[in-house]
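Using the working numbering, you'd call the opening residue of the sequence shown number 3 and step up by one each time.
For glycine and all other residues, C-beta sits at the position ideal for the given N, C-alpha and C.
For reference, the structure is listed below as structure tokens.
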Amino acid sequence: MQIILSVLAAFFGVQSERNRERDFGRGKAIHYIVIGGVMTIVLIVALVGLVKWVLHVSGV
């Protein structure tokens, strides 16, 4: 769970220096890369879904 929270904070640019150092000291890079990739895909799918829904509701 800590990896997900750290990736979320970094994703939005609010990761503190102390947490970043802790993450680099403890975690494996591959975990952060995979979680970051998955979160990026989820964000893109959510945005595409939102745009499709807005277009559907507006009648376009």
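Checklist line | Start-to-end residues for the alpha helix (DSSP H) that takes in S18 | finding: Careful: S18 lies outside any alpha helix (DSSP H) and carries neither H nor E.
Check: In angstroms, rounded to a whole number, what distance separates the CA positions of Y34 and L57?
Finding: 34 Å
Margin query: Which residue marks the beginning of the alpha helix (DSSP H) containing G38, and which one marks its end?
Written below: 31–60
Next item on the list: Rounded to whole angstroms, what's the CA-CA distance from G61 to T42? Just pull it up for me.
Entry: 29 Å
Next item on the list: Return the CA-CA distance between F13 and I32, expressed in angstroms with no decimal places.
Entry: 16 Å
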